[in-house]
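Here's the structure, in structure tokens; my notes come after.
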């Protein structure tokens, strides 16, 4: 955190000396570079990825000792609106129309009242466009590949385990997720919020924040980007991701999820919308903290955005204070480094493999990758109560989240750091890659991390781990398939 919590004096103008912020074409903030053209500002991260800067939102962290009244006066002076205040202390501010975000950042920095001031970015979901295909378990090649059927002999997923799906929103009326002919669902219902009078219509809530968590009528989660309780979304991505984790299993319908139960409830899917067609970087920290504060055990992220100190702080709090496991797709840029936030130390970065157990051609990889999972031509849920096929690390990551949900179902007291170690130690050494390329990371390959995950081996290792299974003992439970 120390490197991220920097005062914006690090934000320097590298265009002509004396040029005002609104005329600058290049700015820097730490290792990030920002350029502007006719389309607006872009953030360029050190790994080479670029993201659109949101023109109307900035994020600040007040300096220690600054009183609320002084900060409120500063907001009034600059005509900004407070959008959100995170429990980490970060504050999202909406700017007046036409304000250059770097003018606002400079103003807040020069006030001496902030410890961090940074722009926010619009990111991308890391899955490819849907391609229509048949439905059914027979087409779900990824489940036998991770030995899910053997794992299901131990547990099929407990409704006591909540997985937060931070994505484009999830179609909670989909019969393979929500209530259908089988009259049960895997969609998380906020126990502190009154039910909507029409369970399919978010507008039929009572208009009251019953549980006083700051979100009105969030019975089926919340859309943080739109600021309302309609978490369904209008893009297939979040529905597809949710289905990989927890589509209802053995219900004579559609697809099976990794932790979808067995003709009864499985892991519960907490819906947290963070942007429809693209993730809104200014709300991801709020969604992470919502998940942590409302009972989630796992945060599932199939997205990349530009670096954000606010997101880093939320991940740190969710992991260290609440004990959550945070899983994130590595990205689809074919890069030798993983994207943000999968690059954070407390996040499990997941790459993709194909049906032959080789690294998917698009999958980001390198030393920052933890493990990989199937991610090419996976059958997934689609909008309109439908099904389709899609590819991307977006759909590999929720396989890992599903396995972690099975682990927590079998061992509710499992620590997040131990869950991560078990995933690494039990992954199959497939693809014929060099798993000793780096002496400081024994068992790790540059291409697919510690290997392709194995659900059955992970569950089998739980008891051994509790009995003193040694971290890094990859030989004990990892197969070595060329």
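Residue numbers (my numbering): 12 to 493.
Backbone N, C-alpha and C fix where the C-beta goes; we use that ideal spot for every residue, glycine too.
{"query": "Where residue 143 and residue 194 are concerned, what is the direct C-alpha to C-alpha distance, given to the nearest angstrom?", "result": "A caution first: residue 143 carries a pLDDT of 25, below 50, which makes its placement in the model too unreliable to give a value."}
{"query": "Which residues mark the beginning and the end of the beta strand (DSSP E) in which residue 55 is found?", "result": "51-55"}
{"query": "Determine whether the beta carbon atoms of residue 2 and residue 415 lie at a separation below 8 Å.", "result": "The requested residue 2 does not occur in the structure, where the chain is confined to residues 12 to 493."}
{"query": "When DSSP labels each residue in this structure, what does residue 42 get in the three-state scheme?", "result": "coil"}
{"query": "Leaving out five residues on either side along the sequence, give the residues of the same chain with a beta carbon under 6 Å from the beta carbon of residue 51.", "result": "66"}
{"query": "Indicate the three-state DSSP secondary structure (helix, strand or coil) for residue 383 in the structure shown.", "result": "strand"}
{"query": "If you scan the stretch 76-144 from start to end, which runs of the beta strand (DSSP E) of 3 or more residues do you find wholly inside it?", "result": "92-96, 102-105 and 125-133"}
{"query": "Measure the Cβ-Cβ separation of residue 307 and residue 175 and say whether it is below 8 Å.", "result": "yes"}
{"query": "Kindly indicate which residue of 132, 467 and 442 has the alpha-carbon position closest to the one of residue 459.", "result": "442"}
{"query": "Look up residue 270 in the DSSP assignment and give the residues it is bridged to.", "result": "Beta-bridge pairing links residue 270 to no other residue."}
{"query": "Taking the beta carbon of residue 448 as the centre, do at least 16 other beta carbons fall within 10 Å, making it buried, or is it exposed?", "result": "exposed"}
{"query": "For residue 323, count neighbouring C-beta atoms within 10 Å of its own C-beta (all shown protein chains included) and say buried if the count is 16 or more, exposed if not.", "result": "buried"}
{"query": "Buried or exposed for residue 209, please, with buried defined as at least 16 other CB atoms from any protein chain shown within 10 angstroms of its CB.", "result": "exposed"}
{"query": "In chain order, what residues of the same chain have a beta carbon less than 8 Å from the beta carbon of residue 148, not counting five sequence neighbours either side?", "result": "154, 266 and 267"}
{"query": "Output the residue ranges of the alpha helix (DSSP H) runs that lie fully inside the stretch 193-258 and measure 4 residues or longer, sorted by chain position.", "result": "247-257"}
{"query": "What first and last residue would you give for the beta strand (DSSP E) that runs through residue 398?", "result": "397-401"}
{"query": "Would you give the residue range spanned by the alpha helix (DSSP H) that residue 496 belongs to?", "result": "The requested residue 496 does not occur in the structure, where the chain is confined to residues 12 to 493."}
{"query": "Counting C-beta neighbours from all protein chains within 10 Å, is the total for residue 238 16 or more, i.e. buried, or is it exposed?", "result": "exposed"}
{"query": "Suppose the cutoff is 6 Å on Cβ atoms and the five residues either side in sequence are ignored; what does the same chain contact list for residue 45 look like?", "result": "38, 52 and 54"}
{"query": "Look up residue 165 in the DSSP assignment and say whether it is helix, strand or coil.", "result": "coil"}
{"query": "Residue 331 lies in the beta strand (DSSP E); which residues open and close that run?", "result": "First-last for residue 331: 320-331, but that is the alpha helix (DSSP H), not the beta strand (DSSP E)."}
{"query": "For residue 188 versus residue 181, is the C-beta spacing smaller than 8 Å?", "result": "yes"}
{"query": "Hey, how far is the Cα of residue 345 from the Cα of residue 315?", "result": "14 Å"}
{"query": "Would you kindly check if the distance between the Cβ of residue 329 and the Cβ of residue 358 is under 8 Å?", "result": "no"}
{"query": "Under the DSSP definition of a beta bridge, which residues are partnered with residue 47?", "result": "52"}
{"query": "Determine the DSSP secondary structure at residue 155, reduced to helix, strand or coil.", "result": "helix"}
{"query": "In chain order, what residues of the same chain lie with their CB nearer than 6 Å to the CB of residue 128, ignoring the 5 residues before and after it?", "result": "19, 71, 116, 119 and 120"}
{"query": "What's the C-alpha gap between residue 366 and residue 462?", "result": "14 Å"}
{"query": "Look up residue 63 in the DSSP assignment and give the residues it is bridged to.", "result": "53 and 133"}
{"query": "Tell me which residue opens and which closes the alpha helix (DSSP H) that residue 432 is part of.", "result": "427-437"}
{"query": "Mind checking which residues open and close the alpha helix (DSSP H) that includes residue 459?", "result": "No alpha helix (DSSP H) contains residue 459, which DSSP labels as neither H nor E."}
{"query": "Rounded to whole angstroms, what is the Cα-Cα separation between residue 444 and residue 229?", "result": "46 Å"}
{"query": "Counting pairs of beta carbons, one from the stretch 161-168 and one from the stretch 388-402, are three or more of them closer than 8 Å?", "result": "no"}
{"query": "Going by the DSSP bridge assignment, what does residue 291 pair with across the sheet?", "result": "133"}
{"query": "Look up residue 178 in the DSSP assignment and say whether it is helix, strand or coil.", "result": "strand"}
{"query": "So, for residue 112: in the same chain, excluding its five sequence neighbours on each side, which residues have a beta-carbon less than 7 Å away from its beta-carbon?", "result": "52, 64, 66, 69, 106 and 130"}
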